[in-house]
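Written out below as structure tokens is the structure these notes cover.
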Amino acid sequence: MECGTSSPVVLPPVLKGSARKAPRPVGPLAGPRKPWRRFLSRVVAGFDRTVNRLGLGRWLHKFSLGKLSFPSYKVPLPGCGPALTGLKVAFLTDLHAGCSLGSSGLDRIFSEVEKRRPDLVLMGGDLTNTRVREVLFLERGISRLSPALGIYAVPGNHDYFEGKGIGRWRSLLEGMGVRVLVNEAVRVGRGGDSLWIAGVDDLTEGRPDLRITLEPVRSGEPVILLSHHPDFFFEAAAAGVDLTLSGHTHGGQIEPLRFMMGHTKFKYWEGWFEQEGRRLLVSRGVGCTLLPIRVGAPPEIPILQVE
Ligand SMILES: [Fe+2]
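According to the numbering used here, the residues represented by the sequence shown are 1 to 307, in order.
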């Protein structure tokens with residue numbers, strides 16, 4: 001049964017990309033970080049911090065954030081009960097706190113989210129840029145939120161950047177009232193109807209395990225999966241996940257040069273994709289990394305309404 005059968009179902013406007021050209025599962029799962037990756041991380045972090053110290057970097061980032069939009073989509077979620085019709089979900093990803101974006105900027109962003117009165121706030125990873133302590137920049141903004149069904153987050157590759165694991169990152173976020181999902185799922189509900197919010201570890205820096213994640217979910221119950229990396233969609237759709245929410249790509253960040261990024265093997269750069277009736281939304285996210293500029297890939301925070 002689909003909830004909201006009395007009102008017309010509005011499908012997301014565009015299904016684009018090459019989901020059907022993805023014939024093989026993603027993997028292998030990431031192991032410990034290799035020395036050359038540690039070296040590359042240090043180079044990127046050093047470059048990032050240098051740019052951040054420049055006034056021009058902050059100005060460019062502010063200019064980019066001036067284009068932040070909140071596109072809204074009505075999304076059918078098979079199996080959900082009528083009490084969940086109209087459930088509003090805000091999806092924030094790739095904030096990259098610390099990359100020209102501090103506490104006051106994030107406070108403004110979260111205040112805008114709160115104005116839209118979401119019932120559920122989901123965060124798709126890369127909440128920080130290069131250091132675990134950057135997560136503290138989120139505290140004031142998160143305190144603005146009051147979604148009835150809670151705030152949930154998964155880690156992205158940048159949340160592992162410092163190389164110390166995500167234990168402290170996780171405990172700091174949970175101290176702010178965010179439930180971090182690392183290969184876990186929780187049931188949320190209202191009015192006697194429920195759905196599952198699931199989250200997997202990052203595909204490139206963590207150890208995602210969909211089998212463990214979905215273990216508590218009963219067959220036929222609706223699932224929204226958070227996966228920072230969009231290439232996990234192939235496996236998620238095959239496992240029956242109704243809706244996967246991802247980020248990671250920034251829409252290319254500098255869209256004409258996105259072919260150089262290599263952030264998605266299956267060209268899940270941005271927007272909606274479909275496979276076997278399951279859907280993936282890849283958000284361009286909010287922040288930047290490396291260079292505080294976006295070209296042809298403006299920041300966004302999608303607002304989904306369950307139909
Ligand atoms: Fe990112």
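For every residue, glycine included, the Cβ atom is placed at its ideal position computed from N, Cα and C.
Could you tell me how far apart the beta carbons of residue i and residue j are, in whole angstroms, since I believe they sit closer than 8 Å?
i: G285; j: G247; result: 5 Å
i: S103; j: F63; result: Between F63 and S103 the Cβ distance is about 19 Å, and since that is not below 8 Å, they are no contact.
i: A185; j: W169; result: That pair is no contact at about 20 Å.
i: S100; j: H61; result: 3 Å
i: V223; j: C80; result: Rounded, the Cβ-Cβ distance is 10 Å, inconsistent with contact.
i: V154; j: L226; result: 4 Å
When you compare only the Cα positions, how much space is there between residue i and residue j?
i: L281; j: L245; result: 5 Å
i: E255; j: V182; result: 30 Å
i: E235; j: G55; result: 43 Å
i: R294; j: F70; result: 17 Å
i: P313; j: V188; result: Past the boundaries of the shown model lies residue 313; the chain is included only from 1 to 307, so the question cannot be answered.
i: S7; j: R140; result: Summary for S7: the model assigns pLDDT 38, below 50, so the residue's position carries little reliability; its value from the coordinates is reported in the next sentence. Rounded to whole angstroms, S7 to R140 spans 38 Å at the Cα level.
i: G31; j: V44; result: Bear in mind that a pLDDT of 42 at G31, under 50, signals an unreliable position, so the number given afterwards is only what the model happens to contain. Using only the alpha carbons, I get a separation of about 21 Å.
i: G299; j: A239; result: Contrary to the premise, residue 299 reads as Pro rather than Gly in this sequence. One C-alpha to the other measures close to 30 Å.
i: R116; j: W36; result: 43 Å
i: I301; j: A83; result: 25 Å
i: V132; j: L210; result: 25 Å
In this structure, does DSSP put residue i in helix, strand or coil?
i: G287; result: coil
i: R278; result: strand
i: W269; result: coil
i: E307; result: coil
i: V43; result: helix
i: R49; result: helix
i: F91; result: strand
i: T213; result: helix
For the beta strand (DSSP E) that residue i lies in, which residues bound it at each end?
i: V196; result: Note that residue 196 is Trp in the sequence shown here, rather than Val. From DSSP, the beta strand (DSSP E) with W196 extends over D193 to G199.
i: S72; result: S72 to V75
i: A238; result: It is not in any beta strand (DSSP E) - A238 instead sits in the alpha helix (DSSP H) that spans F233 to A238.
i: L120; result: L120 to M123
i: S104; result: Premise fails: S104 lies in the alpha helix (DSSP H), S103 to K115, not in any beta strand (DSSP E).
i: S246; result: L243 to S246
i: G189; result: E184 to R190
i: R179; result: V178 to V180
With residue i as the anchor, note down where its alpha helix (DSSP H) starts and where it stops.
i: G141; result: E139 to S143
i: L172; result: G167 to G175
i: L60; result: G55 to L65
If we cut at 8 Å on Cβ distances, does residue i have a partner in chain B?
i: R108; result: Absent from the structure is chain B; it holds one protein chain and no more.
What residue from the options has the CA that sits closest to residue i's CA?
i: G177; options: T204, L145 and K164; result: L145
i: G124; options: G199, I212 and R218; result: G199
i: S72; options: A90, I212 and P222; result: A90
i: P292; options: S41, G46, V51 and R42; result: V51
i: F266; options: F232, V121 and G150; result: F232
i: G191; options: P118, H96, G66 and G86; result: G86
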